[in-house]
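Trainee: Residue 1 is where the sequence shown starts when you use UniProt numbering, and the numbers rise one by one after that.
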Amino acid sequence: MWRSLLKQASHTHKSKFVPESCTSSLSSSSSTGFCQTSAFINKFRPSKAINHGFSGCPILGFRENYVFPSQKDCLGRFGFSHSGNPLTFSGKFWNFKGYASAAEAIVSNEDDLSGSEEINELVEAMIKEERKESFSKQPKIMVGGMGVAKYNTLKRRQIKIETEAWEEAAKEYQELIADMCEQKLAPNLPYVKSLFLGWFEPLRDSIAAEQEVCKGNFKISHAAYFNELSADMMAVVTMHKLMGLLMTNTAGTGGIRVVQAACQIGEAIENEARIQKFLEKTKKKNTTDKKSVIESEPETTEQGKLAKNEEKLRKKVTQLMKKQKVHQVREIVKGRDTSKPWGQEAHVKVGCRLIQLLMENAYIQPPVDQIGDGPPDIRPAFVHALKNVIKDGNKGSRRYGVIECDPLVRKGLEKTAKHMVIPYMPMLVPPQNWTGYDQGAYLFLPSYVMRTHGAKQQRETVKRTPRKQLEPVFEALDTLGNTKWRINRRILGVVDRLWANGGRLADLVDREDVPLPEEPDTEDETEIRKWKWKVKAVKKENNERHSQRCDVELKLAVARKMKDEVGFYYPHNLDFRGRAYPMHPYLNHLGSDLCRGVLEFAEGRPLGKSGLRWLKIHLANLYAGGVDKLSYEGRVEFTECHLDDIFDSADRPLEGKRWWLSAEDPFQCLAACINLSEALRSSIPEATISHMPVHQDGSCNGLQHYAALGRDKLGAAAVNLVAGDKPADVYSGIAARVLDIMKRDAQEDPATNPNALHARLLINQVDRKLVKQTVMTSVYGVTYVGARDQIKRRLKERGAVADDTQLFVASCYAARTTLTALGEMFQAARSIMGWLGECAKVIASENQPVRWVTPLGLPVVQPYRQLGRHLIKTSLQVLTLQRETDKVMVKRQRTAFPPNFVHSLDGSHMMMTAVACKKAGLNFAGVHDSYWTHACDVDEMNRILREKFVELYEAPILENLLESFQKAFPSLNFPPLPERGDFDLREVLESPYFFN
């Protein structure tokens with residue numbers, strides 16, 4: 001009976017059966033708070049307990065002296081409580097404070113009271129139930145924005161992803177091979193996976209045989225490193241890494257340079273070997289090990305101590321691993337790891353031997369329908385060849401060894417991504433905080449705070465820098481890494497459908513190749529030459545398409561893997577100038593419109609009134625085509641005028657009018673259409689939850705930094721440092737100046753001024769698009785030659801000038817004119833760039849690299865040194881490795897310093913803004929000069945980024961730089977600081993279009 005009552009009571013408790021009308025009057029002195037319809041209450045009324053005159057209940061273990069107040073509860077029944085007794089009612093059924101009353105109510109029943117054991121069982125069960133409830137009411141301990149249990153589950157998965165990815169792939173191939181042997185049938189696998197499966201066993205066996213040969217035979221160049229990893233894992237790493245390199249090769253020729261492939265495969269083997277060694281040390285000795293120790297000869301006292309210490313350390317590491325104290329484990333193992341880094345020479349030797357073994361064992365056979373009646377055409381999947389590569393500007397050529405894949409493998413590469421092991425995936429838990437050069441980000445994968453690309457001096461400088469000095473940089477990287485993302489499934493669904501139907505739309509590459517032109521049936525050499533040029537152009541186009549298809553496949557493979565995750569994170573690190581980048585290379589917010597369209601914030605926030613307005617502005621910005629140059633009101637009006645198109649795009653993206661496809665950023669535009677449609681159709685649009693990142697972009701940000709450095713009024717007005725009714729467009733401003741110069745030149749006599757003919761030819765071609773790239777890159781030190789080539793490409797796209805010679809001469813004139821217009825409008829920028837270049841020349845002439853410290857404390861060393869050649873004999877070929885020499889490249893140090901210095905400043909501004917946004921409770925993501933947050937927080941972010949820009953430039957940046965140069969090189973004479981204007985930086989705070 002008691003169990004059935006408890007069952008009923010528990011059921012009632014789970015239903016949270018407290019009528020709303022009673023809630024206000026239920027207190028510590030109220031009754032059980034049951035509804036009048038409750039069968040339990042009808043059976044046990046408190047009034048019956050009063051009639052029984054209970055003064056105590058020793059059998060239940062409750063204290064005496066019960067008081068029965070006269071007040072009634074909301075159900076019209078008397079409540080009762082115990083004076084000073086903690087076990088009193090709080091108004092909810094089975095609340096721990098009410099057990100005394102409930103027990104009395106139960107005991108007051110007219111049924112037999114002899115079942116004391118059952119009563120005690122009942123009370124114990126009730127107490128357990130209450131303890132569960134009271135535990136659930138305690139505030140949850142949160143880690144990384146989630147409960148501890150969930151965090152630990154995700155962390156275990158993350159560790160598995162980082163440490164067992166290659167191992168899992170090897171196991172999969174072994175299981176498939178075992179199934180094939182058992183069932184005597186080939187599994188129905190995708191083409192590339194079947195290739196991997198066919199290559200795995202012979203490659204693994206060859207590696208195992210090579211490992212046997214290498215044991216003790218140190219005459220073999222790679223012997224010292226070849227047994228660091230198991231043969232099956234080496235096979236998987238080699239296959240996947242080489243195929244991955246062929247997929248991501250930007251040349252798109254179906255080949256990869258041997259030195260590049262060997263270096264990366266060797267490095268991947270070393271990294272995996274270190275991880276496996278790390279994990280081996282944390283495993284307990286198994287029973288056979290213990291048995292062998294027992295049966296072995298008695299140890300000396302010293303050996304015994306060492307063994308005990310080893311066992312203690314192993315236990316400590318194992319316990320830390322169980323507790324997931326990854327940082328402590330890494331510190332212990334790092335201290336124990338006496339092995340030195342392999343180095344580039346070892347990487348290429350190991351990599352070359354593995355590539356050679358793969359070439360010897362990897363074969364392909366065309367599908368049955370391509371073989372015909374002849375014998376099976378079995379051929380190598382990869383071949384080693386030597387190629388002459390012409391240098392830029394036809395200044396000679398160099399001979400390189402390359403690994404080329406068979407056309408069948410090359411075709412399969414486009415469908416390989418989903419079967420590839422992709423390292424450095426987005427993380428399922430927040431990244432480890434950065435605490436040192438190689439301490440932070442991924443839990444186990446090698447992570448470095450700076451991408452030095454082998455620049456030893458820069459690496460050593462960062463390592464030597466005190467941690468306290470680098471803390472602002474570490475905090476900013478941690479902030480960027482802690483932004484939680486998720487996949488926008490609706491956009492991914494649209495992308496998948498378009499891709500399955502052949503691409504071609506929304507800037508997706510065509511999945512089909514361009515057919516090769518047929519050879520003309522003629523002996524005319526001119527016609528044959530034209531045909532050959534056409535074939536060459538088509539092959540180039542098809543190679544580019546192949547590269548782009550591989551790139552899309554990799555991005556989609558990552559998106560599909562992550563689409564079911566609640567959220568994920570991108571660990572960030574820096575380039576040598578201090579700009580932040582996500583460490584995952586494929587699907588991230590720095591990528592294309594496709595990447596940005598399928599990514600959104602994992603956290604959603606209500607739009608609010610300002611957020612709804614910013615979402616409309618954001619949609620207009622993404623549509624672009626000149627709309628993004630309107631005032632904010634004009635952009636809102638544009639969006640409101642196209643609501644029918646927006647609703648149609650959201651409801652029927654591929655079946656409707658497809659208005660979103662005409663946007664400059666189509667996938668992001670579609671995501672905005674969906675979010676805005678949802679809001680406008682809601683009864684309370686402002687309450688709609690939005691996950692969409694809204695962008696605020698700098699206006700030609702490099703020139704903004706120069707204008708602030710030089711306090712240049714004219715330049716500041718051109719790049720929106722000053723308030724205006726609508727955004728100033730610097731590109732249109734430069735185009736207008738170029739047009740004025742050309743109009744003047746066109747009126748001259750061609751006999752006395754040869755530019756007159758060029759001006760007349762180009763006068764109708766001048767617009768913002770013609771000059772935009774040159775203006776953008778001017779702050780990054782674009783040369784006259786670079787500007788000429790940029791303008792030549794634009795003119796060639798338009799077909800404006802047919803004759804190549806005339807096109808070249810006209811491009812020269814247009815480039816000179818554009819650079820003149822730039823110098824007139826941004827005099828202060830030009831003078832500062834000139835001063836920075838002169839300082840760099842003075843330093844580099846002493847054979848010293850240019851160094852400086854960013855406003856956030858990051859030391860920067862320009863890495864430009866002359867490279868020496870170092871020949872390495874490998875099993876595959878003699879490779880030439882490039883190594884830094886002690887001699888700096890004077891010209892490169894000079895030309896690169898102005899843009900690198902400005903990049904270090906824009907990186908500092910972004911990181912200062914990121915930290916301030918975090919402190920203000922905002923989600924933040926940054927793409928150099930484009931800052932992202934939720935729509936509802938744009939106003940707050942705008943205020944912060946302006947304040948941080950003013951704070952950055954109120955410091956005497958150029959004075960500090962000159963002082964640091966003079967302190968480092970006291971014997972050198974540096975040019976005086978350039979003159980600066982009187983622009984008031986505080987005006988930036990009031991400029992609505994500074995970032996917009």
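C-beta: ideal position from N, C-alpha, C; glycine also.
List, from N- to C-terminal side, the beta strand (DSSP E) runs of 3 residues or more that fit wholly inside the stretch 519–597.
Mentor: Those beta strand (DSSP E) runs which fall completely within the stretch 519–597 and span 3+ residues are 572–575 and 580–582.
Trainee: Alpha carbon to alpha carbon, how far is Lys193 from Trp499?
Mentor: Mapped onto the sequence shown, residue 193 falls at position 193. Mapped onto the sequence shown, residue 499 falls at position 499. Straight-line Cα distance between these residues: approximately 21 Å.
Trainee: Roughly how many angstroms separate the alpha carbons of Glu664 and His347, rounded to a whole number?
Mentor: In the sequence shown, counting from the first residue as 1, residue 664 sits at position 664. In the sequence shown, counting from the first residue as 1, residue 347 sits at position 347. Computed Cα separation, rounded: 44 Å.
Trainee: At which residues does the beta strand (DSSP E) containing Gly244 begin and terminate?
Mentor: On the sequence shown, residue 244 is found 244 positions in, with the first residue counted as 1. Segment Ala231 to Thr248 is the alpha helix (DSSP H) holding Gly244; no beta strand (DSSP E) there.
Trainee: Quick one: complete alpha helix (DSSP H) runs, 4+ long, within the stretch 937–967?
Mentor: DSSP runs (the alpha helix (DSSP H)) wholly in the stretch 937–967: 938–954.
Trainee: Could you check whether the stretch 486–493 touches the stretch 669–677, counting it as contact only if at least three pairs of C-beta atoms, one from each stretch, sit closer than 8 Å?
Mentor: Yes, the stretch 486–493 is in contact with the stretch 669–677.
Trainee: Check whether the Cβ of Glu172 lies closer than 8 Å to any Cβ atom in chain D.
Mentor: Judged by its chain identifiers, the structure shown contains no chain D, having just a single protein chain.
Trainee: Distance, Cα to Cα, Met233 vs Glu167?
Mentor: Against the sequence shown, residue 233 aligns to sequence position 233. Against the sequence shown, residue 167 aligns to sequence position 167. For Met233 and Glu167, the distance between alpha carbons rounds to 6 Å.
Trainee: Just confirm the distance between the C-beta atoms of Leu607 and Cys936, as a whole number of angstroms; I'd bet it's less than 8 Å.
Mentor: Residue 607 sits at position 607 when you count from the first residue of the sequence shown. Residue 936 sits at position 936 when you count from the first residue of the sequence shown. Right, their Cβ atoms sit about 6 Å apart.
Trainee: Which residues in the same chain as Cys595 place their Cβ atom closer than 7 Å to its Cβ, once the five residues preceding and following it in sequence are excluded?
Mentor: By 1-based counting over the sequence shown, the position of residue 595 is 595. Correct list, in chain order: Lys555, Leu587, Asn588 and His589.
Trainee: My guess is that Asn542 and Asp513 are in contact by the Cβ rule of under 8 Å, so how many angstroms apart are they, rounded?
Mentor: As a working mapping, residue 542 is identified with position 542 in the sequence shown. As a working mapping, residue 513 is identified with position 513 in the sequence shown. The pair is a contact, with the Cβ atoms about 4 Å apart (cut-off 8 Å).
Trainee: Looking at Ser811 and Lys792, is the spacing between their C-beta atoms short of 8 Å?
Mentor: In the sequence shown, counting from the first residue as 1, residue 792 sits at position 792. In the sequence shown, counting from the first residue as 1, residue 811 sits at position 811. Yes; because the gap between Cβ atoms is below 8 Å, this pair is in contact.
Trainee: Please report the residue range of the beta strand (DSSP E) in which Asn433 lies.
Mentor: Taking the sequence shown and counting its residues from 1, one reaches residue 433 at position 433. Where Asn433 is concerned, the enclosing beta strand (DSSP E) stretches over Gln432 to Gly436.
Trainee: Are there 16 or more other CB atoms within 10 angstroms of the CB of His934, so buried, or fewer, so exposed?
Mentor: For this step, residue 934 is matched to residue 934 along the sequence shown. It is buried - the Cβ of His934 has at least 16 other Cβ atoms within 10 Å.
Trainee: Tell me whether Arg549 is buried or exposed, calling it buried when 16 or more other Cβ atoms sit within 10 Å of its Cβ.
Mentor: Counting from 1 along the sequence shown, the entry for residue 549 is found at position 549. Label assigned to Arg549: buried.
Trainee: Once you ignore the five residues that flank Val258 on each side, which residues in its own chain have a CB closer than 8 Å to its CB?
Mentor: Position 258 of the sequence shown, counted from the first residue, corresponds to residue 258. Here the set comprises Cys352, Ile355, His384, Tyr400, Gly401, Val402, Ile403, Leu876, Gln877 and Leu879.
Trainee: Note the first and the last residue of the continuous alpha helix (DSSP H) segment covering His903.
Mentor: The sequence position of residue 903 within the sequence shown is 903, counting from 1. Counting along the chain, the alpha helix (DSSP H) containing His903 begins and ends at Val890 to Lys919.
Trainee: Does the Cβ-Cβ distance between Gln862 and Val850 come in under 8 Å?
Mentor: By 1-based counting over the sequence shown, the position of residue 862 is 862. By 1-based counting over the sequence shown, the position of residue 850 is 850. Going by C-beta atoms, Gln862 is nearer than 8 Å to Val850.
Trainee: Enumerate in chain order the residues of its own chain whose CB-to-CB distance from Leu413 is below 7 Å, with the five nearest sequence positions on each side excluded.
Mentor: By 1-based counting over the sequence shown, the position of residue 413 is 413. Here the set comprises Met243, Leu246, Met247 and Cys550.
Trainee: Helix, strand or coil: which one does DSSP assign to Ala602?
Mentor: Locating residue 602 in the sequence shown gives position 602, counting from the first residue. Note: Ala602 maps to coil in three-state DSSP.
Trainee: For the beta strand (DSSP E) containing His870, name the first residue and the last one.
Mentor: Position 870 of the sequence shown, counting from 1, holds the residue named residue 870. Arg865 to Lys873 is the extent of the beta strand (DSSP E) around His870.
Trainee: Let me know the secondary structure DSSP gives Tyr424 once reduced to three states.
Mentor: For this step, residue 424 is matched to residue 424 along the sequence shown. Coil, per DSSP.
Trainee: On the premise that Thr774 lies in contact with Ala787, defined as a C-beta separation below 8 Å, what is that separation, rounded to the nearest angstrom?
Mentor: Position 787 of the sequence shown, counted from the start, is the residue given in the question as residue 787. Position 774 of the sequence shown, counted from the start, is the residue given in the question as residue 774. About 5 Å; that satisfies the 8 Å criterion.
Trainee: Going by C-alpha to C-alpha distance, which of Arg986, Ile617, Arg894 and Leu739 sits closest to Thr817?
Mentor: In the sequence shown, the residue the question calls residue 817 occupies position 817. Comparing Cα-Cα distances from Thr817 to each of Arg986, Ile617, Arg894 and Leu739, the minimum goes to Leu739.
Trainee: Taking 7 Å as the cut-off, is the CB of Ser221 close to at least one heavy atom of the ligand SAH?
Mentor: Only the bare structure without any ligand can be found here, which leaves the ligand SAH out of the picture.
Trainee: By DSSP's criteria, Gly255 is part of a beta bridge. Which residues make up the other side?
Mentor: Walking along the sequence shown from the start, residue 255 turns up at place 255. Glu404.
Trainee: Lys796 lies in the alpha helix (DSSP H); which residues open and close that run?
Mentor: Translated into the one-based positions of the sequence shown, residue 796 becomes position 796. It spans Tyr784 to Arg798 - the alpha helix (DSSP H) in which Lys796 sits, taken as one unbroken run.
Trainee: Buried or exposed for Thr522, please, with buried defined as at least 16 other CB atoms from any protein chain shown within 10 angstroms of its CB.
Mentor: The residue labelled residue 522 in the question sits at position 522 within the sequence shown. That one is exposed.
Trainee: Please name the residue, chosen from Gly715, Thr874, Gly799 and Gln893, that lies closest to Leu836 on a Cα-to-Cα basis.
Mentor: As a first step, residue 836 must be located in the sequence shown, where it is residue number 836. The shortest Cα separation from Leu836 among Gly715, Thr874, Gly799 and Gln893 belongs to Gln893.
Trainee: Between the Cα of Thr874 and the Cα atoms of Ala223, Arg157, Met583 and Glu748, which residue gives the shortest distance?
Mentor: What you label residue 874 is simply residue 874 of the sequence shown in a count that begins at 1. With distances taken between Cα atoms, Thr874 lies closest to Ala223.
Trainee: Can you give me the start and stop residues for the alpha helix (DSSP H) that Asp804 sits inside?
Mentor: On the sequence shown, position 804 is the one that residue 804 refers to. That run of the alpha helix (DSSP H) goes Asp804 to Met825.
Trainee: Per DSSP, what are the beta-bridge partners of Lys277 in this structure?
Mentor: Taking the sequence shown and counting its residues from 1, one reaches residue 277 at position 277. Answer is none; Lys277 lacks a bridge partner.
Trainee: Roughly how many whole angstroms lie between the Cα atoms of Thr479 and Ala920?
Mentor: Taking the first residue of the sequence shown as 1, we reach residue 479 at position 479. Taking the first residue of the sequence shown as 1, we reach residue 920 at position 920. Cα-Cα distance, rounded: 12 Å.
Trainee: If contacts are defined as beta-carbon pairs under 8 Å, then Met941 and Gln696 qualify, I think. What distance do you get, rounded to the angstrom?
Mentor: Locating residue 941 in the sequence shown gives position 941, where the first residue counts as 1. Locating residue 696 in the sequence shown gives position 696, where the first residue counts as 1. At roughly 7 Å, the Cβ-Cβ gap stays under 8 Å, so Met941 and Gln696 are in contact.
Trainee: Given Lys290, which residues of its chain have a CB within under 6 Å of its CB, disregarding the five upstream and five downstream residues?
Mentor: Sequence index remark: in the sequence shown, residue 290 carries index 290 (1-based). In this prediction, Lys290 scores a pLDDT of 42, lower than 50, which makes its location untrustworthy; no coordinate-derived value is stated.
Trainee: Can you list, in chain order, the residues of its chain with a C-beta nearer than 6 Å to that of Leu989? Leave out the 5 residues immediately preceding and following it.
Mentor: Residue mapping note: residue 989 aligns to position 989 of the sequence shown, counting from 1. Arg946.
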